[in-house]
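Residue numbers (this note's numbering), protein chains in the order written: chain A, 34 to 219; chain B, 34 to 219. Taking it in order: structure first as structure tokens, then the write-up.
There are 2 protein chains.
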Amino acid sequence: MYRRLHKVSGRPFVASLLRETLPRRVYNMVKAFQDYYPDQFAYCYGCGRLNEHGLQIKSYWQGDESTCTFTPRPYHIAIPGYVYGGLIASLIDCHATGTAAAAAYRAEGRPMDSQPALRFLTASLHVDYLKPTPLGVLLELRARVQEIKGRKVVVAVDLSAQGQVTARGQVVCVQIPEGMVLENAG
Amino acid sequence: MYRRLHKVSGRPFVASLLRETLPRRVYNMVKAFQDYYPDQFAYCYGCGRLNEHGLQIKSYWQGDESTCTFTPRPYHIAIPGYVYGGLIASLIDCHATGTAAAAAYRAEGRPMDSQPALRFLTASLHVDYLKPTPLGVLLELRARVQEIKGRKVVVAVDLSAQGQVTARGQVVCVQIPEGMVLENAG
């Protein structure tokens, strides 16, 4: 049941339906990392729930790994039949920064809706494209935290299609410095 | 004049106007690397001139470096006021693969509209985000070929905003294997 809800909740409509109709305690069980971001951090093109043009990815713990699923749109093409590498980089990037935030809360032993809010940006992104990723199927991302040290979290991500790992990423995430969000922007 | 045309031709409408109205010999002087891609390679979300949903970036030689300019859309946000890192990775990726193709033609001493067509995919992508990239201004990318060996071209890319380098990438590009384009896809 959890697994099923978590899969469909990647779609904005279903996510909002769940948020509005489920009792708070039950909804908290299916909330994604990104659903906890404070509003001013929720406009990211890759993972912001408030960016209506964006990808709106959703990430969840599954034991010590975090997972995320995404079906590229028909126009996310590299060459016909295969997924655009920039989209793959974007998915890996945002799934990693979300995982970094969730891991930082875990490391502090507190829930993601507690204060102060923790949010991470990317310091460096590396992606190895191991084989072409077919377009038209669900992609699955699995991330593992490799290191947490101070404000830095290093996350490794595998991206799979039809059970085969097609891309592998490593993302160095750093906690957003205070005062970096422009008050009058966005 | 060349510089001015090259800047505006990043916009699809102007590019198509130029293509349709300029004499062939003059148009060839302002054609971008991506304008030479054969149709089946021109659907890439980042750089395909035939992908109407895509970024449609345009790259040009400027001496031994290649250049590309792009103004992110208002929704290409990381946090309000700053450009989304996945977009930056996408721009670096596609400018690098375009540069790799152009460099391979140069190395063979033949023009980009000669046969066989050369087109490159990304084997690995590395991006260091040096500082936040402001949203709402023109971004400039400059690429240098670091290595050409067999079917592999390594390209380094700097991305700047308002004269400051904000991100630095290295892309390992490989020539697309024959037979990789699915005949019935796309």
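The C-beta atom is built at its ideal place from N, Cα and C for all residues, glycine as well.
Quiz item: Roughly how many whole angstroms lie between the Cα atoms of A:Cys80 and B:Arg175?
Solution: Within the first sequence, numbered from 1, the residue matching residue 80 of chain A stands at position 47. Within the second sequence, numbered from 1, the residue matching residue 175 of chain B stands at position 142. Distance between the alpha carbons of A:Cys80 and B:Arg175 is about 28 Å.
Quiz prompt | Interfacial residues, the segment 61 to 80 of chain B to chain A, with Cβ spacing under 7 Å | solution = Contact residues of the segment 61 to 80 of chain B toward chain A are Gln73, Phe74, Tyr76, Cys77, Tyr78 and Gly79 (C-beta to C-beta distance below 7 Å).
Exercise. Answer yes or no: does any C-beta atom of chain B fall closer than 8 Å to that of A:Asp191?
Key: Within the first sequence, residue 191 of chain A is the residue found at index 158, counting from 1. No - not a single Cβ of chain B is within 8 Å of the one on A:Asp191.
Practice problem: Let me know the secondary structure DSSP gives A:Cys206 once reduced to three states. | Solution: Stepping through the first sequence from its first residue, residue 206 of chain A is reached at position 173. Correct three-state label for A:Cys206: strand.
Practice problem: Just tell me which of B:Phe66, B:Arg82, B:Gly118 and B:Val204 has its CA closest to the CA of B:Gln95. | Solution: Here the question's residue 95 of chain B lines up with position 62 in the second sequence. Comparing Cα-Cα distances from B:Gln95 to each of B:Phe66, B:Arg82, B:Gly118 and B:Val204, the minimum goes to B:Phe66.
Quiz prompt | Inter-stretch contact at 8 Å, needing at least 3 Cβ pairs: the segment 104 to 115 of chain B / the segment 153 to 168 of chain B | solution = yes
Quiz item: Using the C-alpha atoms, what's the distance from A:Val204 back to B:Ile121?
Solution: Here residue 121 of chain B refers to the residue found at position 88 of the second sequence. Here residue 204 of chain A refers to the residue found at position 171 of the first sequence. Going by the C-alpha atoms only, they are around 15 Å apart.
Quiz item: Residues of chain A with CB under 7 Å from B:Val186, in chain order?
Solution: Here the question's residue 186 of chain B lines up with position 153 in the second sequence. Neighbours of B:Val186 on chain A: none; closest Cβ ~15 Å, over 7 Å.
Quiz item: Is A:Leu158 buried or exposed, if buried means 16 or more other CB atoms sit within 10 Å of its CB?
Solution: Against the first sequence, residue 158 of chain A aligns to sequence position 125. By the 10 Å Cβ count, A:Leu158 comes out buried.
Self-check item: Whole-number beta carbon distance between A:Val198 and A:Leu171, since they are thought to touch under 8 Å
Solution: Your numbering for residue 171 of chain A matches position 138 in the first sequence. Your numbering for residue 198 of chain A matches position 165 in the first sequence. So it is not a contact: roughly 14 Å between Cβ atoms.
Quiz prompt | Contacting residues, own chain, Cβ-Cβ under 8 Å from B:Glu211 (five flanking each side not counted) | solution = If you number the second sequence from 1, residue 211 of chain B lands on position 178. So no residue of the chain qualifies.
Quiz prompt | Sequence-distant residues of its chain with Cβ nearer than 7 Å to B:Val207 (five each side left out) | solution = Against the second sequence, residue 207 of chain B aligns to sequence position 174. Excluding residues within five positions, the ones whose Cβ falls inside 7 Å are Phe153, Leu154, Ala156, Arg184 and Lys185.
Practice problem: For the segment 111 to 141 of chain A, list the alpha helix (DSSP H) runs that are entirely contained and at least 4 residues long, ordered along the chain. | Solution: 118 to 141
Quiz prompt | Proximity of A:Gly119 and B:Gly119 at Cβ, strictly below 8 Å | solution = By one-based count along the first sequence, residue 119 of chain A stands at place 86. By one-based count along the second sequence, residue 119 of chain B stands at place 86. Yes, Cβ-Cβ distance for A:Gly119 and B:Gly119 is below 8 Å.
Quiz item: So which residues of chain A does B:Cys127 contact, with C-beta pairs closer than 8 Å?
Solution: Within the second sequence, residue 127 of chain B is the residue found at index 94, counting from 1. Residues of chain A passing the Cβ test: Gly119.
Quiz item: Since A:His86 is in the beta strand (DSSP E), which residue starts that stretch and which ends it?
Solution: Working through the first sequence from its first residue, we reach residue 86 of chain A at position 53. Per DSSP, A:His86 belongs to no beta strand (DSSP E) and is neither H nor E.
Exercise. List the endpoints of the continuous beta strand (DSSP E) containing A:Thr155.
Key: Numbered from its first residue, the first sequence carries residue 155 of chain A at position 122. Run containing A:Thr155: Phe153 to Tyr162, per the beta strand (DSSP E) assignment.
Quiz item: Mind checking B:Gly202: buried by the 16 CB within 10 Å criterion, or exposed?
Solution: As a first step, residue 202 of chain B is located in the second sequence; it is residue number 169 there, counting from the start. Flag for B:Gly202 reads buried.
Self-check item: chain A contacts made by the segment 91 to 117 of chain B, where a contact means CB separation under 7 Å
Solution: Tyr108, His109, Ile110, Ala111, Ile112, Pro113, Gly114 and Tyr117
Quiz prompt | Neighbour list for A:Thr155 in chain B, Cβ cutoff strictly below 7 Å | solution = One-based indexing of the first sequence puts residue 155 of chain A at position 122. Chain-ordered, the chain B residues with CB closer than 7 Å to the CB of A:Thr155 read Gly118 and Tyr162.
Self-check item: Residue burial classification, B:Asp68 (beta-carbon count within 10 angstroms, cutoff 16)
Solution: Residue numbering aside, residue 68 of chain B sits at position 35 when the second sequence is read from its first letter. Buried, since its Cβ has 16 or more Cβ neighbours within 10 Å.
Practice problem: Go through its chain and collect everything with a Cβ distance to B:Ser193's Cβ below 6 Å, but skip five positions before and after it. | Solution: Counted from its first residue, the second sequence places residue 193 of chain B at position 160. Result list for B:Ser193: Glu173, in chain order.
Self-check item: Beta-carbon proximity of A:Val190 to A:Glu180, cut-off 8 Å
Solution: Here residue 190 of chain A corresponds to residue number 157 of the first sequence, with the count starting at 1. Here residue 180 of chain A corresponds to residue number 147 of the first sequence, with the count starting at 1. Result no, Cβ atoms of A:Val190 and A:Glu180 do not sit closer than 8 Å.
Quiz prompt | Inter-residue spacing [alpha-carbon to alpha-carbon] between B:Thr102 and B:Lys91 | solution = As a working note, residue 102 of chain B is residue 69 in the second sequence. As a working note, residue 91 of chain B is residue 58 in the second sequence. Cα to Cα, the separation comes out at about 7 Å.
Quiz item: Just the Cα atoms here: how many angstroms apart are B:Asp133 and B:Val178?
Solution: Taking the first residue of the second sequence as 1, we reach residue 133 of chain B at position 100. Taking the first residue of the second sequence as 1, we reach residue 178 of chain B at position 145. The sequence shown places Ala at residue 133 of chain B, rather than the Asp named in the question. Those two C-alpha atoms are separated by around 7 Å.
Practice problem: Buried or exposed for B:Ala136, please, with buried defined as at least 16 other CB atoms from any protein chain shown within 10 angstroms of its CB. | Solution: In the second sequence, residue 136 of chain B corresponds to position 103, counting from 1. Using a 10 angstroms sphere on the CB of B:Ala136, the tally of other CB atoms reaches 16 or more, which defines it as buried.
Quiz item: How would you label B:Arg82, buried or exposed, when you count the other beta carbons within 10 angstroms and need 16 or more for buried?
Solution: The count along the second sequence starts at 1 and reaches residue 82 of chain B at position 49. Per the 10 Å Cβ criterion, buried.
Practice problem: Give a yes or no on whether the minimum CB-CB distance between B:Gly131 and chain A is below 8 Å. | Solution: Here residue 131 of chain B refers to the residue found at position 98 when the second sequence is read from its first residue. Not an interface residue.
Quiz item: Under 8 Å, do A:Phe78 and B:Ile125 count as touching if we go by C-beta distance?
Solution: The residue labelled residue 78 of chain A in the question sits at position 45 within the first sequence. The residue labelled residue 125 of chain B in the question sits at position 92 within the second sequence. Checking the sequence, you will find Tyr at residue 78 of chain A rather than Phe. Taking 8 Å as the Cβ cut-off, A:Tyr78 and B:Ile125 do not qualify as a contacting pair.
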